[in-house]
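For reference, the structure is listed below as C-alpha cells.
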Amino acid sequence: REITCKDMNQMAFQVASKFAHRTAMARYNKKGHQLTFGDDDMKSTGFGWVFSSLTFEDQPDGTVKVTSPSLVTSLEAWLGHDGMHYCKLLSPFRALEYIYTDSLKPRHGRSGT
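Here the sequence shown stands for residues 178 to 290, where the numbers follow the working numbering.
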C-alpha cells in the first residue's frame, strides 16, 4: 500500500506527542479539541495543488479534521515531474503547537489553516 499524506500527518502527530511534556499531553487529552485526519484532498493539476493549503476544519463532534492537498503525477508527466507524489503536510512542530495551545482555544465552527 502507498503511504498517503494522511499517513504522514498521523506520523507527525505521533512524533509531536512523544516530544510533548506529559502535562501538556494530559491537558490535550482531557480538554483539547482532538485532531482527526481526513483522506487526502486529491488535486488534478499542479495549479490546484500550489494554490491549496493544509486545512484544519472544525467537526460537529468537537474534533478538528486535518486534511492535506495531494497531487500524484503520472509516469509520463513532463519536465522531470513524472511519478511524483506531492503533499502539504502537518509538521511535528505545528502539531506540538496545536497540542500546547490551539487545541485549547474555543472553536466556533471556523475552518482554516
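Note that CB positions come from ideal geometry on N, CA and C, so glycine has one too.
All figures in this text were calculated on a predicted structure; none of them were measured in a lab.
{"Check": "Under DSSP, the beta strand (DSSP E) around Phe233 begins and ends at which residues?", "Outcome": "Thr232 to Asp235"}
{"Check": "Since Ser247 is in the beta strand (DSSP E), which residue starts that stretch and which ends it?", "Outcome": "Pro246 to Val249"}
{"Check": "Considering only residues of the same chain and omitting the five flanking positions on each side of Ser280, which have a CB-CB separation below 6 angstroms?", "Outcome": "Tyr205, Gly209 and His210"}
{"Check": "With distances taken from CA atoms, which of Thr222, Asp216 and Phe224 is nearest Phe233?", "Outcome": "Asp216"}
{"Check": "Rounded to the nearest angstrom, what separates His198 and Leu252 at their Cα positions?", "Outcome": "44 angstroms"}
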